[in-house]
Amino acid sequence: MSILTCSNLTKRFGSTTALDGISFSIEPGRVVGLLGPNGSGKTTFIKLCNGLLTPTDGTVKIDSMSPGVETKKIVSYLPENSYFNDWMKVQDMLAFFSDFYSDFDAARAVEMLRSLGIAPSAQIKSLSKGTKEKVQLILVMARKAKLYLLDEPIGGVDPAVRDYILHTIIKNYNPEASVIISTHLIADVEPVLDEVIFLKNGQIVLHEDVDTLREEKNMSVDQLFREEFKCLEN
Amino acid sequence: MAWQFDTDRPIYKQLKERILLKIVSGEYGAGTQLPTVRELAEQAAVNPNTLQKALTDLERDGLVYALRTSGRFVTEDKALVRKAKDTLAAEVIDQFLDQMEAIGYTADEAAALIQHTKERK
Numbered sequence: 016m017s018i019l020t021c022s023n024l025t026k027r028f029g030s031t032t033a034l035d036g037i038s039f040s041i042e043p044g045r046v047v048g049l050l051g052p053n054g055s056g057k058t059t060f061i062k063l064c065n066g067l068l069t070p071t072d073g074t075v076k077i078d079s080m081s082p083g084v085e086t087k088k089i090v091s092y093l094p095e096n097s098y099f100n101d102w103m104k105v106q107d108m109l110a111f112f113s114d115f116y117s118d119f120d121a122a123r124a125v126e127m128l129r130s131l132g133i134a135p136s137a138q139i140k141s142l143s144k145g146t147k148e149k150v151q152l153i154l155v156m157a158r159k160a161k162l163y164l165l166d167e168p169i170g171g172v173d174p175a176v177r178d179y180i181l182h183t184i185i186k187n188y189n190p191e192a193s194v195i196i197s198t199h200l201i202a203d204v205e206p207v208l209d210e211v212i213f214l215k216n217g218q219i220v221l222h223e224d225v226d227t228l229r230e231e232k233n234m235s236v237d238q239l240f241r242e243e244f245k246c247l248e249n
Numbered sequence: 002m003a004w005q006f007d008t009d010r011p012i013y014k015q016l017k018e019r020i021l022l023k024i025v026s027g028e029y030g031a032g033t034q035l036p037t038v039r040e041l042a043e044q045a046a047v048n049p050n051t052l053q054k055a056l057t058d059l060e061r062d063g064l065v066y067a068l069r070t071s072g073r074f075v076t077e078d079k080a081l082v083r084k085a086k087d088t089l090a091a092e093v094i095d096q097f098l099d100q101m102e103a104i105g106y107t108a109d110e111a112a113a114l115i116q117h118t119k120e121r122k
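These protein sequence lines are chains A and B, in that order.
The first sequence begins at 16 in this note's numbering and counts up by one.
The second sequence begins at 2 in this note's numbering and counts up by one.
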């Protein structure tokens with residue numbers, strides 16, 4: 016059964032259409048790249064899945080449920096922006112997550128923090144932007160969720176940490192759980208993806224298995240993306 | 002260290018080639034157990050589903066077999082491994098000859114050159 020299904024999902028902000036009637040589903044155990052240029056609707060889609068926005072039309076269902084309290088128990092969400100409070104320590108965030116999510120594995124989070132050399136006693140305020148992102152990703156990945164929604168998880172970190180993040184995604188792989196990664200850094204995520212969804216102006220222009228794509232087009236997903244979204248020359 | 006891949010060819014095919022190379026070279030000896038999908042996927046830094054697909058392909062070719070409870074093993078059929086090795090060698094030679102032809106050598110001239118290089122060493 017699909018872990019996520021959306022049908023005719025539409026979101027308008029005034030006269031702007033951010034998502035224009037998209038329909039697709041994601042099966043369990045898949046790692047999906049949600050790819051598209053800036054302003055193509057990636058974040059809007061992820062926010063709809065989290066109930067942070069409500070659809071103008073159409074539906075999105077997570078494990079057959081509309082986004083709400085029940086889906087938040089099974090969805091682990093990495094937002095684009097940090098929501099940490101500067102006065103907190105890393106360990107306060109661990110306690111926060113332990114309180115909030117029954118599927119949070121604190122021991123695992125501590126282990127991951129250690130492997131990246133981040134002290135639990137560190138003040139959030141004292142962390143660099145990249146380190147904050149790492150902490151946030153660790154918290155999100157240390158949950159045993161059914162669906163991980165990662166909005167630009169690798170945008171602000173250096174290549175070594177990028178590798179660590181992708182490694183973490185592979186290591187955490189669970190055939191029951193799916194991961195949706197929104198990004199425009201395609202070359203970096205390519206090896207870990209099962210399928211890709213290309214968004215353009217709020218519509219799906221492509222939804223395909225990545226190895227099928229490489230086989231049929233003899234092109235990497237990155238090349239295909241550049242082709243598809245080529246900026247017009249003048 | 003993650004394995005390197007050509008990005009314009011299916012990754013599962015390249016994974017299959019890598020694992021096959023380890024089998025024919027004896028790194029994964031006949032009858033030995035392969036690392037788990039998870040371990041191999043981590044090593045290669047690829048999606049476990051993709052790795053699974055590569056192993057399934059090797060299974061279909063008979064080079065690898067799965068036991069329900071204890072994992073995957075390299076075939077004990079040495080003749081089959083030998084055949085895979087020969088096929089691989091033939092491919093490498095074909096490629097080499099194509100390149101030599103592009104430079105302007107016939108197959109015979111290329112062979113003579115190899116002999117010559119070998120003697121000099």
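Think of the CB as a built atom: it goes at the ideal place given N, C-alpha and C, for glycine as much as any other residue.
{"Query": "What does the alpha-carbon distance come out to for the pair B/D9 and A/W102?", "Result": "47 Å"}
{"Query": "Could you check whether the segment 81-96 of chain A touches the segment 150-162 of chain A, counting it as contact only if at least three pairs of C-beta atoms, one from each stretch, sit closer than 8 Å?", "Result": "yes"}
{"Query": "Can you pull the chain A residues whose beta carbon is under 8 Å from the beta carbon of B/E43, in chain order?", "Result": "H182, I185, K186"}
{"Query": "Select from B/L68, B/R61, B/R73, B/Q100 the residue whose C-alpha is nearest the C-alpha of B/L81.", "Result": "B/R61"}
{"Query": "Under 6 Å Cβ to Cβ from A/Q138, same chain only, skipping five residues before and after it: list those, please.", "Result": "K104"}
{"Query": "Note down the Cα distance separating A/I212 from A/F39, rounded to an integer number of angstroms.", "Result": "9 Å"}
{"Query": "Can we say the segment 193-208 of chain A touches the segment 30-48 of chain A, given the rule of at least three CB pairs closer than 8 Å?", "Result": "yes"}
{"Query": "Report yes or no: is there a C-beta of chain B within less than 8 Å of the C-beta of A/P158?", "Result": "Residue identity differs from the one stated: residue 158 of chain A is Arg in this sequence, not Pro. So no, A/R158 is outside the interface."}
{"Query": "Which of helix, strand or coil does DSSP assign to B/R10?", "Result": "coil"}
{"Query": "Check whether chain B comes within 8 Å of A/N249, counting only Cβ atoms and requiring the distance to be less than that.", "Result": "Here the model assigns A/N249 a pLDDT of 45, short of 50, so the residue's position is not dependable, and the following value carries that caveat. Not closer than 8 Å to any Cβ of chain B, the Cβ of A/N249 fails to qualify, so no."}
{"Query": "B/T88 touches chain A at which residues, Cβ-Cβ below 9 Å?", "Result": "Simply none; closest approach about 21 Å."}
{"Query": "Quick check: B/Y29 and B/K54, are their CB atoms within less than 8 Å of each other?", "Result": "no"}
{"Query": "At a CB-CB cut-off below 7 Å, which residues of chain B make contact with A/D237?", "Result": "T8"}
{"Query": "So which residues on chain A does B/P136 lean against when the C-beta distance must stay under 7 Å?", "Result": "Residue coverage of chain B in this structure runs from 2 to 122, which leaves residue 136 of chain B outside it and unanswerable."}
{"Query": "Would you identify the three-state DSSP class for B/K139, choosing helix, strand or coil?", "Result": "Beyond the ends of chain B as shown, which are 2 and 122, falls residue 139 of chain B; an answer cannot be given."}
{"Query": "Return the Cβ separation of B/E77 and B/A31 in integer angstroms, given the expectation that the two are a contact with Cβ distance under 8 Å.", "Result": "5 Å"}
{"Query": "Using the C-alpha atoms, what's the distance from A/K140 back to A/D166?", "Result": "22 Å"}
{"Query": "Just to make sure I have the definition right: I need the residues of chain B whose C-beta is within less than 8 Å of the C-beta of A/L208. Which are they?", "Result": "N48"}
{"Query": "My assumption, with CB atoms under 8 Å, is that A/L200 sits in contact with A/G170. Please give the rounded CB distance.", "Result": "7 Å"}
{"Query": "Assuming B/D58 is part of the alpha helix (DSSP H), what are its boundary residues?", "Result": "49-61"}
{"Query": "Just to check my reading of the structure: A/G217 and A/T32 have Cβ atoms closer than 8 Å, yes? What is that Cβ distance to the nearest angstrom?", "Result": "5 Å"}
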